[in-house]
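> I am attaching a structure below and will ask some questions about it afterwards.
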Amino acid sequence: MDAALSTVVGLLLASGVLVVVRLVRGPSTLDRAVALDALVAVVMAGIGVLTAAQEIPYYLPALLVLAFLGFTGSVSIARFLALRDEAGSEDPDEDSGDGSGEPGAGGAGSAENGGQGDRRGRRGNREKRNREKRGKQAGYGRRDAEPGGGTEQGSGS
């Protein structure tokens, strides 16, 4: 049992070191986010090994909290990166490829990114049109209509 435990602890330490190296060196924000998620998994595995080796169940709630924080952190980072990519902003950690060596030197609407820098403006216009469309479907878009969709012209009572 001691040899197996030593092997597992050694592998966890080696993987932890490799993940920290990726976290520090990672060329992009996404690489760093994945490395951070992997680091949380390695820490959770270490706590699990400690719990099994010492047969103390008090560390299990810490595993649950780490699992929850790791999941929500990963989802939050993925959502942030997706929104940033949708907005057309570039990753400040990567070179823009224009030869100047400065990150993001290409500009938001330059030809390097295909003129896609105004995505947020187009998205806002699309959302505005969708809101107007939903309002018209509910009957709020016309002056002569009431919220129920029907018009009351001369009810006769």
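Residue 23 in our numbering sits at position 23 of the sequence shown; the count goes up by one each step and never skips. Note that beta-carbon positions come from the ideal geometry of N, C-alpha and C, so glycine has one too. Predicted model only: the values in this text are computed from it and were never measured.
(1) Counting beta carbon pairs with one atom in the region 49-60 and one in the region 70-81, are three or more of them shorter than 8 angstroms?
(2) Taking 8 angstroms as the cut-off, decide whether the C-beta atoms of Ala35 and Leu23 are in contact.
(3) Give the DSSP-derived three-state secondary structure of Gly26 in the structure shown.
(4) By how many angstroms is the C-alpha of Leu66 removed from the C-alpha of Val40?
(5) Under a Cβ-count criterion, where at least 16 other Cβ atoms within 10 Å of its own Cβ denotes burial, should Gly88 be classed as buried or exposed?
(6) Considering just the uninterrupted stretch of the alpha helix (DSSP H) at Gly159, what are its terminal residues?
(7) Express the C-alpha separation of Asn130 and Pro27 in angstroms, rounding to a whole number.
(8) List the whole-angstrom C-beta distance separating Val42 from Val19, where the pair is believed to meet the contact cut-off of C-beta under 8 angstroms.
(9) By Cβ distance below 7 angstroms, which residues in the same chain neighbour Ala111 in space, the five residues on each side in sequence not counted?
(10) Just confirm the distance between the C-beta atoms of Gly46 and Leu5, as a whole number of angstroms; I'd bet it's less than 8 angstroms.
(11) When the Cα atoms are used, what is the spatial distance from Val9 to Ala52?
(12) Are Thr29 and Leu81 touching if we call contact CB-CB under 8 angstroms?
(13) Quick one: what's got a C-beta closer than 8 angstroms to Ala78's C-beta in the same chain, skipping five residues either side?
(14) Going by DSSP in three states, Glu132 sits in which element: helix, strand or coil?
Let me lay it out:
(1) Judged by pairs of C-beta atoms under 8 angstroms, the region 70-81 does not touch the region 49-60, as fewer than three such pairs exist.
(2) Stepping through the sequence shown from its first residue, residue 35 is reached at position 35. Stepping through the sequence shown from its first residue, residue 23 is reached at position 23. The criterion of a C-beta distance shorter than 8 angstroms is satisfied by Ala35 and Leu23.
(3) Residue 26 sits at position 26 when you count from the first residue of the sequence shown. Here Gly26 sits in coil by DSSP.
(4) Here residue 40 corresponds to residue number 40 of the sequence shown, with the count starting at 1. Here residue 66 corresponds to residue number 66 of the sequence shown, with the count starting at 1. Roughly 7 angstroms between the two C-alpha positions.
(5) Position 88 of the sequence shown, counted from the first residue, corresponds to residue 88. It counts as buried.
(6) With the chain running from 1 to 157 in the structure shown, residue 159 is simply not present.
(7) Translated into the one-based positions of the sequence shown, residue 27 becomes position 27. Translated into the one-based positions of the sequence shown, residue 130 becomes position 130. Answer to the nearest angstrom: the Cα atoms are 38 angstroms apart.
(8) Locating residue 42 in the sequence shown gives position 42, counting from the first residue. Locating residue 19 in the sequence shown gives position 19, counting from the first residue. Val42 to Val19, Cβ: 6 angstroms. Contact.
(9) Translated into the one-based positions of the sequence shown, residue 111 becomes position 111. With a pLDDT of only 47 at Ala111, under 50, the local geometry of the prediction cannot be trusted, and no value is derived from it.
(10) Mapped onto the sequence shown, residue 46 falls at position 46. Mapped onto the sequence shown, residue 5 falls at position 5. That belief does not hold up - the Cβ atoms of Gly46 and Leu5 are roughly 12 angstroms apart, past 8 angstroms.
(11) Counted from its first residue, the sequence shown places residue 9 at position 9. Counted from its first residue, the sequence shown places residue 52 at position 52. The straight-line gap from Cα to Cα measures roughly 12 angstroms.
(12) Counting from 1 along the sequence shown, the entry for residue 29 is found at position 29. Counting from 1 along the sequence shown, the entry for residue 81 is found at position 81. Yes, the Cβ-Cβ distance between Thr29 and Leu81 is below 8 angstroms.
(13) Walking along the sequence shown from the start, residue 78 turns up at place 78. These residues qualify, in order along the chain: Ala33.
(14) Stepping through the sequence shown from its first residue, residue 132 is reached at position 132. Reduced to three states, the DSSP call for Glu132 is helix.
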